[in-house]
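Visitor:
In the working numbering, the protein residues as written are 10 to 205.
(1) Helix, strand or coil for residue 79, going by three-state DSSP, please let me know.
(2) Return the CA-CA distance between residue 189 and residue 25, expressed in angstroms with no decimal places.
(3) Hey, is the region 46–56 in contact with the region 16–33, meaning 3+ C-beta pairs nearer than 8 Å?
(4) Taking the straight line between their C-alpha atoms, what separation do you get for residue 175 and residue 94?
(5) Could you give the distance in angstroms between the alpha-carbon of residue 83 and the alpha-carbon of residue 205?
(6) In angstroms, rounded to a whole number, what distance separates the CA positions of residue 163 and residue 153?
(7) Going by the beta-carbon positions, is the gap between residue 187 and residue 146 smaller than 8 Å?
(8) Please classify residue 213 as buried or exposed, where buried requires at least 16 other C-beta atoms within 10 Å of its C-beta.
(9) Rounded to the nearest angstrom, what separates residue 126 and residue 140 at their Cα positions?
(10) Can you tell which of 119, 89, 91 and 86 has the C-alpha that lies nearest to the C-alpha of residue 98?
(11) I need the DSSP call for residue 238, collapsed to helix, strand or coil.
(12) Using CA atoms only, rank isn't needed, just tell me which of 72, 57 and 114 is closest to residue 91.
(13) Which of the three DSSP states, helix, strand or coil, is assigned to residue 110?
(14) Quick check: residue 113 and residue 13, are their CB atoms within less than 8 Å of each other?
(15) Taking its Cβ as the centre, do 16 or more other Cβ atoms sit within 10 Å of residue 181, making it buried, or is it exposed?
(16) Which residue wins for smallest C-alpha separation from residue 66, given the options 108, 96, 178 and 20?
(17) Does DSSP put residue 171 in a helix, a strand or coil?
(18) Let me know the secondary structure DSSP gives residue 25 once reduced to three states.
(19) Have a look at the DSSP bridge pairing and note the partners of residue 132.
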C-alpha cells in the first residue's frame, strides 16, 4: 500500500516523544504514530499496543536509545522484532535498507538554508523515499518547493507546529500530513479544518 494512502486520511500524525504519551496518542483520532523517544524495550511495547489498535507505527531510528542509527541490522531488528510499519531517518542508506526489509522509509530533512534545500531535493529525487519529513514544518515556501519537485512523494511537516492555523497553512502549502507532538492537535480532522 502506498504511504500516501496510509497518511492521506487524517491531517495529523502523533509525534510521541515519551512512553507516557502513547496511551493518549492511541486514544486520539490519529491513524499513525511517530516514535521519537524512549528506549528499545519501550518502543517494542509501544509498537505492539499501536498495532493492536490498528494504527501505523513508525520509529525515528536516530532518537531511540539502544538502536544504532548507522547499521542495517537496526532496520532488520525493527522489521523482524519491533514489527513497526516504517522508519524515519536522515540517512539515505537506511532508507534503502528499509525498502529491502519491507518497511516504509521516510527521509527526515532539516532545511536550515538554501544549500540544505538544494541537497535535500537532490537526495529525495535520488533515493525516492516513501515519504519526506521536513523540519521545520512551518515554512510554506520550503514546503511548496518540495511539493512542486517531488509530487509523487508524501510530504510530512514536522517541528514548531503549535496551532490549528499553522496546520492549515502547511496543508495549503502542499504537505500530505503533519507530525506534531502537541496532544491538543492530535484530534484535528480534515472535516474540522474545512469548517474553519
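Ideal Cβ placement from N, Cα and C applies to all residues, glycine included.
In this text the structure is predicted, and so the values were computed from the model without any measurement.
Guide: A quick look at the data gives this:
(1) Three-state result, residue 79: coil.
(2) Using only the alpha carbons, I get a separation of about 8 Å.
(3) Flag = yes, the region 46–56 and the region 16–33 touch.
(4) Inter-residue distance for residue 175 and residue 94 is about 27 Å (C-alpha atoms, whole angstroms).
(5) Their backbone Cα atoms lie some 43 Å apart in a straight line.
(6) About 12 Å.
(7) Going by C-beta atoms, residue 187 is nearer than 8 Å to residue 146.
(8) The chain is shown only over 10 to 205; residue 213 falls outside these bounds and no answer can be derived.
(9) The alpha-carbon atoms of residue 126 and residue 140 are separated by roughly 16 Å.
(10) Closest by alpha carbon: 119.
(11) Residue 238 lies beyond the stretch modelled for the chain, which goes from 10 to 205, so this question has no answer here.
(12) It is 57 whose Cα lies nearest to the Cα of residue 91.
(13) The three-state secondary structure of residue 110, taken from DSSP, is coil.
(14) Cβ distance not < 8 Å, so residue 113 and residue 13 don't count as in contact.
(15) It is exposed - the Cβ of residue 181 has fewer than 16 other Cβ atoms within 10 Å.
(16) Nearest of 108, 96, 178 and 20 to residue 66, Cα basis: 96.
(17) In the structure shown, residue 171 sits in coil (DSSP, three-state: anything other than H, G, I, E or B).
(18) Three-state result, residue 25: strand.
(19) Looking at the DSSP assignment, residue 132 forms no beta bridge with any residue, so it has no partner.
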